[in-house]
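Residue numbers (this note's numbering), protein chains in the order written: chain D, 24 to 309; chain A, 3 to 253. What follows is one structure encoded as structure tokens, with my remarks underneath.
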């Protein structure tokens, strides 16, 4: 643990500070969007978007190194593909007569396949592992700007339209009857989710996105009485998991993504078991 | 003569080429109270969704106080079945009721007036003391009343309730009818139910929906007819396509 703090203050190890700052700042959109994903029950949609992103990352790498367009990188590809997937999924839920799960599956797999093919055709060696399982230590200054931008975007959009998003998640049909353009708000929610997932992919990798998006919110949901409380609680939990995960991964010399997820999963398990246990005790006592 | 609250003329509706409603003609006057009954799959819910504008008919016209359903959302207070909610959703009673005020502003922020109307609506169903409680902590009957309060907060002139008596106990049911009785002095009531028994006590007219829609005055309802309806055999009821609230003129 002491080592971890020494590493943080070491001027020769800037990437460590970047990692921690990014991790803590990104807990805000993770907590807020994660809460919506949990209460609206769209974690499979989040999964499809995250896997699709590999297609965008691959295309970005291919354009950058294969075609030599240096200003275009994997982050641009990831953002474009994530938003595209959000638009497709929102349209399918509106017009697609219950075929949503097939489309989710198709996007999930096709996105990954396209990504791997692009990477195969990109000159030079690229290790897809860091995209699949994340590596927060690869985070650069540019990523920090992305995180700050996303923080501002998510806080302001959700802050302004909070009541409409709440109604959309609680009772979409009723919200529609009150004159809210529910399909536009659903699309907006999916786009914010997509941008958040792009960031999550950076922190924990494609495969583990769903865990860090939903576990903090699911734990918070066991105690929270309102969505607002759930968001605050999920954000705090998320930053706690990222902080402890990073420090543990440094001390134990383990990859950071899986350590963060395992800590989150253990906490989730403990809260589920303990709240069940407390309820049983109350029942027996009563 | 004022415009009818709901006017439906020659409406046809098909789901996937399967006719669900055929030649529906229905006029519901202001401050009328109509109970909609019929077998499952007979088209009750479809009829409600047509009236509130969630579905559009294949042909025919529907008017709510002379407006198209999609433009008339401010005239309608809607109470959906409470069974469809996620029972663990973290939301307070007050937040649920305030949802009835949505649609008045671009951002969806609530004004002081919205909060006052929401509070009045809660008082109207005797639930003002529970405003701060989590919705998930309430009993079935209490949640039903909260959903009615949310509908009242919309301040429509017609209240539409979808199976409000499913899953609630006898006491809550009596309370529900006490509330509806009060509301009927100012509002038109349209309610879908399975429970034809008490429908006869309260409603002025009954609409039987089984692909076709036929109106009956409640005075015509006898034990045998109720039994027939429960069996889904609505054709046993003598159909008179036009009837006044007073009943049929000929025997």
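Quick reminder that beta carbons are idealized off the backbone N, C-alpha and C, glycines included.
Sixteen is the threshold: when 16 or more other Cβ atoms of the shown chains lie within 10 Å of the Cβ of residue 194 of chain D, as they do, the residue is buried. When the five nearest sequence neighbours on each side are left out, the beta carbons in the same chain lying within less than 8 Å of the beta carbon of residue 187 of chain D are those of 198, 203 and 208, in order along the chain.
Apart from the 5 residues on each side of it in sequence, residue 65 of chain A sits with its Cβ closer than 7 Å to the Cβ of 9 in its chain, given in chain order. Taking CB atoms only, residue 183 of chain D has a neighbour in chain A less than 7 Å away. Proximity to residue 287 of chain D across D/297, D/124, D/308 and D/264 peaks at D/264, based on C-alpha coordinates. Beta-carbon to beta-carbon, residue 233 of chain D and residue 70 of chain D are separated by about 5 Å, close enough to satisfy the 8 Å threshold.
Here the alpha carbons of residue 68 of chain A and residue 31 of chain A stand approximately 12 Å from one another. Excluding its 5 nearest sequence neighbours in each direction, residue 185 of chain A has C-beta neighbours in its own chain below 7 Å: 161 and 191, listed in chain order.
By the criterion of a C-beta distance shorter than 8 Å, residue 191 of chain D is surrounded in its chain by 63, 198, 203, 205, 208, 209 and 212, once the five residues flanking it on both sides are discounted. Looking at the DSSP output, residue 219 of chain A sits in a beta bridge with A/207. For residue 302 of chain D, the enclosing alpha helix (DSSP H) stretches over residues 279-308. Distances from the CA of residue 18 of chain A to each of A/60, A/38, A/49 and A/12 were compared; the closest alpha carbon is that of A/60. Counting the other CB atoms within 10 Å of its CB gives residue 95 of chain A a total of 16 or more, which places it among the buried residues. Here residue 15 of chain A is buried, its C-beta having at least 16 other C-beta atoms within 10 Å.
With respect to the 7 Å criterion, residue 81 of chain A and residue 28 of chain A are not classified as neighbours on the basis of their beta carbons. Interface flag for residue 65 of chain D against chain A is unset, since no Cβ pair is found closer than 7 Å. Closest option to residue 201 of chain D, judged by alpha-carbon separation, among A/35, A/106, A/178 and A/125: A/106.
With a minimum length of 4 residues, the unbroken runs of alpha helix (DSSP H) contained wholly in the region 94-133 of chain D fall at 97-118.
In terms of CA proximity to residue 83 of chain A, A/143 leads the group A/119, A/131 and A/143. Residue-level contact by beta carbon fails for residue 14 of chain A and chain D, as no gap is shorter than 7 Å. For residue 91 of chain A, the chain D residues whose C-beta falls within less than 7 Å of its own C-beta are 62 and 193, listed in chain order. Under a 10 Å Cβ-count criterion, residue 139 of chain A is classified as exposed, with fewer than 16 other Cβ atoms of the shown protein chains found around its own Cβ. Shown here for residue 155 of chain D: same chain residues with a beta carbon closer than 7 Å to its own, the five before and five after excluded, namely 228, 229 and 230 in chain order. Chain A has no Cβ within less than 7 Å of the Cβ of residue 80 of chain D.
Check the Cα spacing between residue 141 of chain D and each of D/84, D/109 and D/267: the tightest is with D/84. Nearest CB-CB separation between residue 28 of chain A and chain D: not below the 7 Å threshold. Distance between residue 151 of chain D and residue 180 of chain D, taken at the CA atoms: about 33 Å. Only exposed fits residue 28 of chain D, as fewer than 16 other CB atoms lie within 10 angstroms of its CB.
Residues of chain D whose Cβ lies closer than 8 Å to the Cβ of residue 136 of chain A are, in chain order, 248 and 249.
Comparing alpha carbon positions, the residue from A/92, A/178, A/89 and A/112 closest to residue 100 of chain A is A/112. Residue 15 of chain A: member of the beta strand (DSSP E) spanning 8-17, first to last residue.
For the pair residue 165 of chain A and residue 194 of chain A, the CB atoms are nearer than the 7 Å cut-off.
In chain order, 54, 57, 58, 239, 240 and 243 place their CB closer than 7 Å to the CB of residue 257 of chain D, counting only its own chain and leaving out the 5 sequence neighbours on each side. Residue environment for residue 176 of chain A: exposed (fewer than 16 other C-beta atoms within 10 angstroms of its C-beta).
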